[in-house]
Amino acid sequence: MRLNEDPLRFQSEGYCVFRNILDQEAILEARRQLDRLIKAMPDKTIVDDMGKTQVVPARPEHLVEPHVKETFWRRLCCHPRILDSVEKILGPDLLLIMSHLIVKPPSDGMAIKWHQDNPYWHSVEGTDIVTVWLALDDSTVQNGCMKVIPTSHEGYPELEMRKTDGRDLLGVEVQVTAELEERAAPVELKAGDLSIHDSFILHGSDANTSDRRRAGYTMRYANANTVHVDLAEHWVPVYQVRGTAKNATGEYIDLRPTHSADG
Ligand SMILES: O=C(O)CCC(=O)C(=O)O
Numbered sequence: 008m009r010l011n012e013d014p015l016r017f018q019s020e021g022y023c024v025f026r027n028i029l030d031q032e033a034i035l036e037a038r039r040q041l042d043r044l045i046k047a048m049p050d051k052t053i054v055d056d057m058g059k060t061q062v063v064p065a066r067p068e069h070l071v072e073p074h075v076k077e078t079f080w081r082r083l084c085c086h087p088r089i090l091d092s093v094e095k096i097l098g099p100d101l102l103l104i105m106s107h108l109i110v111k112p113p114s115d116g117m118a119i120k121w122h123q124d125n126p127y128w129h130s131v132e133g134t135d136i137v138t139v140w141l142a143l144d145d146s147t148v149q150n151g152c153m154k155v156i157p158t159s160h161e162g163y164p165e166l167e168m169r170k171t172d173g174r175d176l177l178g179v180e181v182q183v184t185a186e187l188e189e190r191a192a193p194v195e196l197k198a199g200d201l202s203i204h205d206s207f208i209l210h211g212s213d214a215n216t217s218d219r220r221r222a223g224y225t226m227r228y229a230n231a232n233t234v235h236v237d238l239a240e241h242w243v244p245v246y247q248v249r250g251t252a253k254n255a256t257g258e259y260i261d262l263r264p265t266h267s268a269d270g
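Have a look at this one:
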């Protein structure tokens, strides 16, 4: 299937791919930073079905909100070439509202069932919200690349979510007909490419059963003038990364170029 690479077709397709956004050097540095984070993840104590306590290694699918904790990831979220891509979709006034490193290790990387992003985020109101999925490793069908169902965001429907058996990353899913599933597009990316998807599009990914890791960095951005974030409810600070926010009352952290991402 030919993927959409035309930002002008984002509104109709619900996603768009941008190639060669980060160079090899930037990707190698991001991988170094990622490896360090994974190594530092503490083991987890769990109680199994038989009531026995076990200590298991932490899963690298769960590296949430690194941009709040570390300058490196905050800077990456402000990378001019990444923001230029987002600007083509959302316009010039941009907020960074969340991020998540989703790393599927070789041979047992977790699946992510069909879902929409927007209905999850109760503290965020509006439709001009997108996710950038930046490939830190080559991401293919074999190692569980993201799949999207083009046009499924149309009319911004809020689809019912059901609990899963719990063996996937999110623990919930939207039930999708075979007909819809047939239209799914695997978003295969080389390291340094990125895709952008609408917050209402149906997307997910299969388990990674290959011998190659699949690491992606998801960064969530919103139009600063049409989206409202309830800062009392939202679990992380909101950063202003480009342009103006007409209705802002000084509650966003300013990361625009004249300001520092080190704070
Ligand atoms: O990493 C994936 O396969 C899916 C990512 C995802 O669900 C998201 O970005 O919302």
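In terms of the working numbering, the sequence shown opens at residue 8 and continues consecutively. Heads up, the beta-carbon is just placed ideally off N, CA and C, and yes, glycines get one too.
- Rounded to the nearest angstrom, the Cβ distance from I96 to I28 is 13 Å, too far for a contact under 8 Å.
- Counting along the chain, the unbroken alpha helix (DSSP H) around V93 starts and ends at P87 to L97.
- Taken through DSSP and simplified to helix, strand or coil, H69 comes out as helix.
- Between ligand 1 and the CB of G250, the shortest heavy atom gap is not smaller than 8 Å.
- No heavy atom of ligand 1 is found nearer than 8 Å to the CB of C23.
- Linking P99 to Q61 through their CA atoms gives a straight-line distance of about 49 Å.
- The residues P193 and E195, in chain order, have a CB closer than 7 Å to that of V148 in the same chain once the five nearest residues on each side in sequence are set aside.
- Counted as a single uninterrupted DSSP element, the beta strand (DSSP E) harbouring L141 occupies residues I136 to A142.
- In the three-state DSSP reduction, C84 falls in the helix class (H, G or I).
- Judged by DSSP secondary structure, I104 falls within the beta strand (DSSP E) whose first and last residues are L101 to K111.
- For D218, there is no enclosing beta strand (DSSP E), since its DSSP letter is neither H nor E.
- Between N150 and S217, the CB-CB gap stays under 9 Å.
- C152 has its Cβ nearer than 8 Å to a heavy atom of ligand 1.
- N232 and T78 have their C-alpha atoms roughly 26 Å apart.
- Between the C-alpha atoms of Q18 and R174 there is a straight-line separation of about 33 Å.
- Non-local C-beta neighbours of D237 in its own chain, meaning closer than 6 Å and more than five positions away in sequence, comprise S130, ordered along the chain.
- Below 8 Å, too few C-beta pairs join the segment 156-165 and the segment 217-228 to call them touching: fewer than three.
- Out of E167, A198 and A37, the CA that lies nearest to the CA of V181 is found in E167.
- A residue is called buried once 16 or more other Cβ atoms fall within 10 Å of its Cβ, and W80 is buried on that count.
- Comparing C-alpha distances from M105 to each of Y163, P264 and V139 shows the shortest one belongs to V139.
- About 6 Å separates the Cβ atoms of D50 and A65, confirming a contact at the 8 Å cut-off.
- Looking from the CA of P87, the closest CA among R249, A255, I136 and W128 belongs to R249.
- In this chain, the alpha helix (DSSP H) harbouring I34 covers Q31 to A47.
- If you ignore the 5 residues before and after P126, its C-beta comes within less than 6 Å of the C-beta of E165, all in its own chain and listed in chain order.
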